[in-house]
Amino acid sequence: MALGPAAYIDSTAYCSTRRLSQRGYGTSGKIKRTLEWDTRTGWLNRVTTQTAADTASPITVQDDRLTYDVSGEISRILDNCQGGSDLPGGGRC
Numbered sequence: 731m732a733l734g735p736a737a738y739i740d741s742t743a744y745c746s747t748r749r750l751s752q753r754g755y756g757t758s759g760k761i762k763r764t765l766e767w768d769t770r771t772g773w774l775n776r777v778t779t780q781t782a783a784d785t786a787s788p789i790t791v792q793d794d795r796l797t798y799d800v801s802g803e804i805s806r807i808l809d810n811c812q813g814g815s816d817l818p819g820g821g822r823c
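Next comes the structure, spelled out in structure tokens:
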């Protein structure tokens, strides 16, 4: 019996506050996205994405750090995947 197309979502994990914390995609050349949440505010602090996540040498292709103003609006996103600069609105990979 044929199994059909490969799975798109391979794995999912949640943190203690029941927010999505990690998701794996694909069955070969796996991609892993990790979300980190501030335990005090519940706001998203960091998003990382890795390719070849199922190997001994995963490659980080996204490492976004989020900063918020006092009203809870995102004021800055720093793309830190390769030492991105701290620019208003974001850096570059």
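Numbering (our numbering), first residue to last: 731 to 823.
Virtual Cβ for every residue (Gly too), placed ideally from N, Cα, C.
As the structure is a computational prediction, the values presented were derived from the model and not from experiment.
| Asked | Found |
| --- | --- |
| Supposed contact pair S751 and T764 - C-beta distance, whole angstroms, cut 8 Å | 7 Å |
| V777, enclosing beta strand (DSSP E) - first and last residue | 774-781 |
| CB of T779 within 8 Å of CB of Q792, strictly | yes |
| DSSP-derived helix/strand/coil call for Y755 | strand |
| Per DSSP, the bridge partner or partners of D829 | It is not possible to answer for residue 829, since the shown part of the chain is limited to 731 through 823. |
| Pair within 8 Å by beta-carbon distance, L808 and R795 | yes |
| R753 and S741 closer than 8 Å at C-beta | yes |
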